[in-house]
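*Asks:* First the structure, then my questions, so here it is.
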Amino acid sequence: MSCIKKGTIQKYIDGECTLSETVQIERHLADCKKCSVNVEYQRKLASGLRKALSLLSQESKGIPIINVPDKTARTRLLTVRRLAYILAAACIILFVVIISQKKEPENQAEIIMIEPGFATEFDANQPVSDQQMIMTIIDSEGKKTEYFE
Numbered sequence: 117m118s119c120i121k122k123g124t125i126q127k128y129i130d131g132e133c134t135l136s137e138t139v140q141i142e143r144h145l146a147d148c149k150k151c152s153v154n155v156e157y158q159r160k161l162a163s164g165l166r167k168a169l170s171l172l173s174q175e176s177k178g179i180p181i182i183n184v185p186d187k188t189a190r191t192r193l194l195t196v197r198r199l200a201y202i203l204a205a206a207c208i209i210l211f212v213v214i215i216s217q218k219k220e221p222e223n224q225a226e227i228i229m230i231e232p233g234f235a236t237e238f239d240a241n242q243p244v245s246d247q248q249m250i251m252t253i254i255d256s257e258g259k260k261t262e263y264f265e
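Structure below.
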């Protein structure tokens, strides 16, 4: 039989093996010193864990103390919150008033700029800065102006 796996050792220690598995494991432990040492180590480790867990459960039986702030501290906290809400609301109202009063001038001329293009055919071998460009602008009266660069 090959050496026992750690999961099987733990199963054996916990008494979860079947009768035939237990017999095979005990026969192997009688012949294999390495597995015997592993079983003893696993038993000591499990025992130490049980002790540590029992100590932890004994300490956690007490009821924790809950610190409740006094009434003045709670009132002060509510007052600060209310003040923050009031300031936020005032900022929003002020922002809405400023935005709603902003008007565009009525006599402003509308200018439309058409995408700039190239006056001549585009030469991919030359840098863009060396190409001659054209810009077309149409004002509100429909007057078309072209600028060459």
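For the sequence shown, the numbering used here assigns the number 117 to the initial residue and increments by one for each residue that follows.
Built from N, CA and C at the ideal position, the CB exists for glycine as well.
All figures in this text were calculated on a predicted structure; none of them were measured in a lab.
(1) Measuring CB to CB, does residue 262 end up less than 8 Å from residue 254?
(2) Excluding sequence positions up to five away, which residues of its chain have a Cβ less than 6 Å from the Cβ of residue 119?
(3) Can you look up residue 262 in the DSSP assignment and give me helix, strand or coil?
(4) What would DSSP say about residue 120, mapped onto helix, strand or coil?
(5) If you reduce the DSSP assignment to three classes, tell me which class residue 252 lands in.
(6) Taking only the alpha-carbon atoms, compute the straight-line gap between residue 147 and residue 159 and give it to the nearest angstrom.
(7) Reducing DSSP to helix, strand and coil, say where residue 156 ends up.
(8) Short check: CB of residue 155 to CB of residue 145, under 8 Å?
(9) Over the uninterrupted alpha helix (DSSP H) stretch that includes residue 138, give me the two end residues.
(10) Please tell me whether residue 252 and residue 260 are closer than 8 Å, where the distance is taken between their beta carbons.
*Replies:* So, from the data block:
(1) Residue mapping note: residue 262 aligns to position 146 of the sequence shown, counting from 1. Residue mapping note: residue 254 aligns to position 138 of the sequence shown, counting from 1. Going by C-beta atoms, residue 262 is not nearer than 8 Å to residue 254.
(2) For the purposes of this step, residue 119 is identified with residue 3 of the sequence shown, where counting begins at 1. Residues of the same chain with a CB within less than 6 Å of the CB of residue 119, apart from the 5 flanking positions on each side, are 151 in chain order.
(3) The sequence position of residue 262 within the sequence shown is 146, counting from 1. The answer is strand: DSSP assigns residue 262 an E or B state.
(4) Counting from 1 along the sequence shown, the entry for residue 120 is found at position 4. When DSSP states are grouped into helix, strand and coil, residue 120 belongs to the coil group.
(5) If you number the sequence shown from 1, residue 252 lands on position 136. Here residue 252 sits in strand by DSSP.
(6) In the sequence shown, counting from the first residue as 1, residue 147 sits at position 31. In the sequence shown, counting from the first residue as 1, residue 159 sits at position 43. Those two C-alpha atoms are separated by around 19 Å.
(7) Position 40 of the sequence shown, counted from the first residue, corresponds to residue 156. In the structure shown, residue 156 sits in a helix (DSSP, three-state: H, G or I).
(8) Counting from one through the sequence shown, the residue named residue 155 turns up at place 39. Counting from one through the sequence shown, the residue named residue 145 turns up at place 29. Yes.
(9) Here residue 138 refers to the residue found at position 22 of the sequence shown. Here the alpha helix (DSSP H) through residue 138 covers 135–147.
(10) Working through the sequence shown from its first residue, we reach residue 252 at position 136. Working through the sequence shown from its first residue, we reach residue 260 at position 144. A contact, by the Cβ cut-off of 8 Å.
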